[in-house]
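Asks: Residue numbers (the numbering used here): 20 to 396. So that we are looking at the same thing, I have put the structure below in structure tokens.
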Amino acid sequence: MKILILTSHFGMGHYCAAEAIKEELLESNTDDIIEIVDIVKVLFPIMHKLVYRFFTLFICRFSCVYNFINSFAMKHEKTCLKRRNLNKINSLIEKYNPDLIISTWSACSRFISTYKQEYEDDIQLYTYITDITVHDGWIANGTNMYFVAARSTMELLLSKGVDAEKIIINGIPVRKYFKKEMKVQYIDNKKKILIMGGGLGLIRNLDNILDQLYESRGVHITIITGKNKKLLKKIKKDYPKIDVVGYTDQVYKYMERSDLLITKPGGISTFEAIYTTTPLYIIKPFLSQEIGNAEFIERMLIGKIAWEDNSNISEDIISLISNERLLEEMKYNMQLLKNEVSESKLKKVYERNMKKDVDNCNNIIFNSIWNNSYIIL
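Spelled out as structure tokens, the structure:
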């Protein structure tokens with residue numbers, strides 16, 4: 020089977036989900052031909068780097084404006100692809116000739132839906148929603164199946180008019196390493212705190228938090244700064260006792276050995292924490308989709324949210340990591356969520372739908388022969 024996964028690099032979550040889906044599919048069938056394509060590079064082959072750079076700058080410095088524009092666009096959204104961009108998508112599909120298209124970014128679903136309508140193509144389109152909350156932009160008429168994070172995500176889609184039979188609760192895809200059971204015990208008895216998400220400046224007041232945590236006894240801190248080399252050098256200089264890691268593809272190892280994860284509430288990072296049963300601490304989310312994810316974390320009691328800037332965050336973190344009973348309750352709740360989505364349903368759904376299409380085709384052929392049998396007689 021040939022599968023085309025369409026995604027983007029607006030944040031790493033969409034692309035990471037695409038990689039996790041590919042990995043999962045190849046594990047079940049190594050004969051599948053699977054390609055991951057960044058749709059932004061297809062539509063803007065020369066300008067895509069500038070587009071991404073502007074996006075990063077925008078969300079870091081003007082998050083309130085970003086939330087307003089995003090909300091307005093989704094309420095008044097009408098997918099209108101210029102003919103040349105529609106032609107680019109058609110060329111892309113002709114190049115890969117897929118049996119199935121999977122989307123991990125909302126705009127991809129809308130673009131392919133427009134393509135299906137314009138070119139009268141009935142190719143299967145599966146949409147993986149990479150946040151726990153759902154905005155209207157994820158809903159596209161051409162989507163055959165929606166794969167969602169949790170029951171609350173399904174209920175949101177139902178309230179927006181999506182048929183229940185088109186929705187599968189599957190969790191948000193994460194790499195297989197996060198799913199391995201291998202919690203590590205340490206002899207030193209220090210509580211391990213992992214901090215991520217600061218690479219783009221998306222954890223506010225990080226210096227103030229570190230100043231206070233740094234002096235706490237019985238706590239060991241690791242920070243992953245990603246590709247932000249400037250931040251890595253600064254932390255190494257200012258906080259020599261903190262373990263600082265730059266870009267790494269072994270985040271799962273750091274999560275596994277941690278008692279608490281301080282991060283931004285992205286859909287992917289939330290489910291990575293769920294699979295490694297690492298309780299979460301979220302510092303005032305400010306992007307609209309991440310506020311919805313944080314509400315889910317709080318509602319399911321798998322972490323704690325600092326909703327206000329003026330709260331004493333460092334004391335709150337120390338209080339949480341010292342509360343063994345509460346941490347165990349959060350881990351237990353994460354295990355319950357993990358049990359709900361442990362089995363991938365993608366392959367089964369595709370095979371079921373293909374069988375349904377074959378059966379429908381056979382029925383049409385049979386009825387056509389039956390209705391015209393008098394000609395033979």
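C-beta atoms are modelled at their ideal positions from N, C-alpha and C, and glycine is treated no differently. The structure displayed is predicted, hence computed values, not measured ones.
#1: Taking three-plus beta-carbon pairs below 8 angstroms as touching, is the stretch 180–187 in contact with the stretch 333–344?
#2: Since I believe residue 224 is in contact with residue 328 (beta carbons under 8 angstroms), could you give me their beta-carbon distance rounded to a whole number of angstroms?
#3: Taking the alpha-carbon positions, what's the residue 383 to residue 135 distance?
#4: Would you mind stating whether residue 280 and residue 298 have Cβ atoms separated by less than 9 angstroms?
#5: Any chance you could list the alpha helix (DSSP H) runs of at least 4 consecutive residues sitting entirely within the stretch 278–324, in chain order?
#6: Can you confirm whether the stretch 113–120 touches the stretch 23–36 when touching is taken to mean that 3 or more C-beta pairs between the two stretches lie within less than 8 angstroms?
#7: Determine the burial state of residue 52: buried for a count of at least 16 other Cβ atoms within 10 Å of its Cβ, exposed for fewer.
#8: If I measure Cβ to Cβ from residue 255 and keep anything under 6 angstroms in the same chain, skipping five residues before and after, which residues do I get?
#9: What do you get for residue 143, buried or exposed, if any count of 16 or more other CB atoms within 10 angstroms of its CB means buried?
#10: Assuming residue 242 contacts residue 232 (C-beta within less than 8 angstroms), just tell me the rounded distance between them.
#11: Is any heavy atom of the ligand FAD found at a distance shorter than 8 angstroms from the C-beta of residue 318?
#12: Could you work out which residue in 357, 131, 193 and 106 is closest to residue 39 when comparing CA atoms only?
#13: Look at the alpha carbon of residue 244 and the alpha carbon of residue 28, and state the distance between them as a whole number of angstroms.
#14: Does the beta-carbon of residue 65 have 16 or more other beta-carbons within 10 angstroms, so that it is buried, or is it exposed?
#15: Give the DSSP bridge partners of residue 214, in chain order.
Replies: Considering the structure as presented:
#1: The answer is no - the stretch 333–344 does not touch the stretch 180–187, with fewer than three Cβ pairs under 8 angstroms.
#2: A Cβ-Cβ separation of about 7 angstroms places residue 328 in contact with residue 224 under the 8 angstroms criterion.
#3: Confidence at residue 383 is low in this model, with a pLDDT of 46, below 50, so its placement is unreliable and no value can be given for it.
#4: The answer is yes: Cβ separation under 9 angstroms.
#5: Taken in chain order, the complete alpha helix (DSSP H) segments of 4 or more residues contained in the stretch 278–324 are 286–294 and 307–318.
#6: Yes, the stretch 23–36 is in contact with the stretch 113–120.
#7: Exposed, since its Cβ has fewer than 16 Cβ neighbours within 10 Å.
#8: Result list for residue 255: 263, in chain order.
#9: Buried, by the Cβ-count rule.
#10: The Cβ separation is near 10 angstroms, so there is no contact.
#11: The ligand FAD is not part of this structure, which contains no ligands at all.
#12: Comparing Cα-Cα distances from residue 39 to each of 357, 131, 193 and 106, the minimum goes to 193.
#13: Their Cα atoms are separated by approximately 18 angstroms.
#14: Classification for residue 65: exposed.
#15: According to DSSP, residue pairing for residue 214 in a beta bridge involves 242 and 281.
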